[in-house]
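Only one structure is covered here, and it is reproduced in the block below.
Number of protein chains: 2
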Amino acid sequence: MAERARRIPEATVARLPVYLRCLLELAEAKIATISSERLAELAGVNAAKVRKDLSYLGSYGTRGVGYDVEYLLFQMSRELGLTQDWPVVIVGVGNLGQALANYGGFTDRGFPIAALVDADRAKVGQKVHGNVVRHIDELPAIAAEVGIAIGIIATPAGAAQEVADRLVAAGIASILNFAPAVIAVPPSTSLRKVDLAVELQILSFYQQRRSGSIAVGPERAAN
Amino acid sequence: MAERARRIPEATVARLPVYLRCLLELAEAKIATISSERLAELAGVNAAKVRKDLSYLGSYGTRGVGYDVEYLLFQMSRELGLTQDWPVVIVGVGNLGQALANYGGFTDRGFPIAALVDADRAKVGQKVHGNVVRHIDELPAIAAEVGIAIGIIATPAGAAQEVADRLVAAGIASILNFAPAVIAVPPSTSLRKVDLAVELQILSFYQQRRSGSIAVGPERAAN
Chain A
90 MAERARRIPE
100 ATVARLPVYL
110 RCLLELAEAK
120 IATISSERLA
130 ELAGVNAAKV
140 RKDLSYLGSY
150 GTRGVGYDVE
160 YLLFQMSREL
170 GLTQDWPVVI
180 VGVGNLGQAL
190 ANYGGFTDRG
200 FPIAALVDAD
210 RAKVGQKVHG
220 NVVRHIDELP
230 AIAAEVGIAI
240 GIIATPAGAA
250 QEVADRLVAA
260 GIASILNFAP
270 AVIAVPPSTS
280 LRKVDLAVEL
290 QILSFYQQRR
300 SGSIAVGPER
310 AAN
Chain B
90 MAERARRIPE
100 ATVARLPVYL
110 RCLLELAEAK
120 IATISSERLA
130 ELAGVNAAKV
140 RKDLSYLGSY
150 GTRGVGYDVE
160 YLLFQMSREL
170 GLTQDWPVVI
180 VGVGNLGQAL
190 ANYGGFTDRG
200 FPIAALVDAD
210 RAKVGQKVHG
220 NVVRHIDELP
230 AIAAEVGIAI
240 GIIATPAGAA
250 QEVADRLVAA
260 GIASILNFAP
270 AVIAVPPSTS
280 LRKVDLAVEL
290 QILSFYQQRR
300 SGSIAVGPER
310 AAN
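Protein chains in written order, with the numbering used here: chain A, 90 to 312; chain B, 90 to 312.
Take a look at the structure:
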């Protein structure tokens with residue numbers, strides 16, 4: 090896989106997990122092949138985009154038959170790096186950190202929670218979902234010990250930048266930020282952000298249209 | 090506002106919360122005007138798209154000056170329905186439900202947690218962040234009482250569809266699903282989904298490229 094040289098656009102990368110989820114459901118339902126039209130429908134994009142996206146993986150399907158679900162699943166998993174585990178450290182063991190530590194979906198999908206750290210010494214030593222909370226000062230040691238691939242920031246906003254700096258200093262190259270704060274990282278670090286309020290704001294847009302507008306019908310506004 | 094008839098594309102709607110966040114930061118930093126180029130940079134999209142998106146709000150900026158931050162903020166908030174509160178019910182008071190209940194960011198941004206419900210009678214009566222957990226059977230009564238606008242599903246995957254059906258039956262027209270399950274709702278219901286593993290899968294894509302590939306440099310892969 091080291092020879093892979095194709096550049097995949099960022100927007101395509103962001104859609105791969107969506108296709109992956111659809112394909113997993115198809116595989117579970119014992120469906121062997123899928124057309125780009127049907128996959129597009131399931132993923133909520135248009136069929137031409139699906140074909141273009143999949144062509145980046147070297148997958149073109151068979152005319153009149155479609156794509157082989159199992160093979161596409163294999164290609165997608167390989168492309169996303171899901172054929173191996175990526176150990177995760179969660180920084181901040183408040184409610185969100187604990188919820189994330191308990192969220193089975195991470196380990197199941199190749200992101201085992203390998204460590205939990207917190208700056209609060211009162212939390213150090215507590216056991217959360219099988220992991221003993223360690224102090225954030227131990228981060229470099231933990232990263233070296235366990236081979237942490239991804240750091241999750243689950244602290245309050247005010248601490249997020251310092252935590253990011255510490256993750257980078259510990260050699261952790263991928264960061265997922267749940268704190269409601271904009272943080273800066275060096276260009277060699279991958280940074281993604283989850284803002285839990287964004288989806289609510291999108292819903293309130295449609296909700297307002299539905300309740301206030303006479304020109305936009307609810308069916309159309311909801312789609 | 091009831092006369093608003095412009096159709097705003099779904100993709101534009103999904104970007105409005107991102108612009109909103111950028112504008113809030115600019116306003117906090119006492120920055121009065123912003124060019125489309127700078128806003129594009131902050132939001133991570135291209136400038137032509139920013140101009141197009143903002144034109145749907147009836148905002149065109151002033152040549153050589155840009156957009157008035159405060160006014161754009163007002164327009165954006167109004168468009169997203171954020172000039173009023175949208176009470177939320179969280180269904181499922183496990184770790185994730187509790188984390189969401191405790192996540193201050195919702196109330197701050199106009200989405201007060203008005204109720205918590207669970208199917209587990211052992212949880213009913215417990216107090217979480219000021220709310221007493223009630224039984225899910227009370228959902229229709231709660232919805233009528235408090236005027237719930239949005240239901241958040243924070244249950245295990247297996248319960249998600251039944252919960253969605255109950256939210257719809259209780260007259261709640263917007264649903265945010267955190268459960269790792271695909272659910273179906275009537276076309277008159279708005280449904281959004283948060284999959285916490287998607288962002289990790291995107292990070293593992295870049296992480297793998299970085300560690301395995303010689304053709305794609307980490308700087309480019311991370312951007």
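Virtual Cβ for every residue (Gly too), placed ideally from N, Cα, C. Predicted model only: the values in this text are computed from it and were never measured.
Boundaries of the beta strand (DSSP E) in which residue i is found, first to last residue
i, result
"I239(A)", "239–242"
"V177(A)", "177–180"
"N266(A)", "263–266"
"D207(A)", "202–207"
"V282(B)", "Looking at the sequence shown, residue 282(B) is not Val but Lys. Taken as a continuous stretch (DSSP letters only), the beta strand (DSSP E) holding K282(B) covers 279–282."
"V271(B)", "Looking at the DSSP string, V271(B) is not in any beta strand (DSSP E), and its letter there is neither H nor E."
"R167(A)", "Per DSSP, R167(A) belongs to no beta strand (DSSP E); it is in the alpha helix (DSSP H), 158–168."
"R223(A)", "220–224"
Cutoff 9 Å: residue i Cβ touching any chain A Cβ
i, result
"V305(B)", "Per-residue confidence for V305(B) stands at a pLDDT of 37, beneath the threshold of 50, marking its modelled position as unreliable; the derived number appears in the next sentence. At least one chain A Cβ lies under 9 Å of V305(B)."
"S144(B)", "no"
"Q187(B)", "yes"
"L292(B)", "yes"
"P106(B)", "yes"
"V287(B)", "yes"
"R93(B)", "In this prediction, R93(B) scores a pLDDT of 49, lower than 50, which makes its location untrustworthy; the coordinate-derived value is nonetheless stated afterwards. At least one chain A Cβ lies under 9 Å of R93(B)."
Within chain B, the residues that residue i reaches when beta carbons sit closer than 9 Å
i, result
"Q296(A)", "G170, W175, A238, I239, A262, S263, S279"
Min CB distance residue i to chain B below 9 Å
i, result
"N220(A)", "no"
"M90(A)", "Model confidence at M90(A) stands at a pLDDT of 42, short of 50, so the residue's coordinates are unreliable; what they give is reported in the following sentence. M90(A) counts as touching chain B."
"D284(A)", "yes"
"R198(A)", "yes"
"V235(A)", "no"
"G181(A)", "no"
"P98(A)", "no"
"N312(A)", "Confidence in N312(A) is poor, its pLDDT being 32 and thus under 50, which makes the residue's placement unreliable; the coordinate value appears in the next sentence. Yes, because at least one Cβ of chain B sits closer than 9 Å to the Cβ of N312(A)."
Residue i burial status per 10 Å Cβ neighbour count (16 or more: buried)
i, result
"T278(B)", "buried"
"P106(B)", "buried"
"Q296(A)", "buried"
"R299(A)", "buried"
"E126(A)", "exposed"
"V221(A)", "exposed"
"S67(A)", "Past the boundaries of the shown model lies residue 67(A); chain A is included only from 90 to 312, so the question cannot be answered."
"K282(B)", "buried"
"K212(A)", "buried"
"T244(A)", "buried"
"I120(A)", "exposed"
"F294(B)", "buried"
"V154(B)", "exposed"
"Y160(A)", "exposed"
Residues that residue i contacts on chain B, provided the C-beta gap is smaller than 7 Å
i, result
"A103(A)", "I291"
"F163(A)", "The contacting residues do not exist; F163(A) stays about 15 Å from chain B at best."
"R299(A)", "A262"
Where residue i meets chain A, residues with beta-carbon distance less than 9 Å
i, result
"R255(B)", "Going along chain A, no residue has its Cβ under 9 Å from R255(B), so there is no contact; the nearest lies around 18 Å."
Contact set between residue i and chain A, taken where Cβ atoms lie within less than 7 Å
i, result
"V271(B)", "E114"
"G194(B)", "P269, L285, A286"
Contact set between residue i and chain B, taken where Cβ atoms lie within less than 8 Å
i, result
"L109(A)", "Q290"
Alpha helix (DSSP H) segment containing residue i, residue limits
i, result
"R104(A)", "99–117"
"V139(A)", "136–145"
"V257(B)", "249–258"
"T196(B)", "194–197"
"P245(B)", "Element bounds for P245(B): n/a, residue is neither H nor E."
"P229(B)", "228–235"
"R127(B)", "125–132"
"Q187(B)", "184–191"
To be precise: take each residue of the stretch 122–152 of chain A, compare its Cβ to all Cβ atoms of chain B, and keep it if any distance is under 7 Å. Which residues remain?
none
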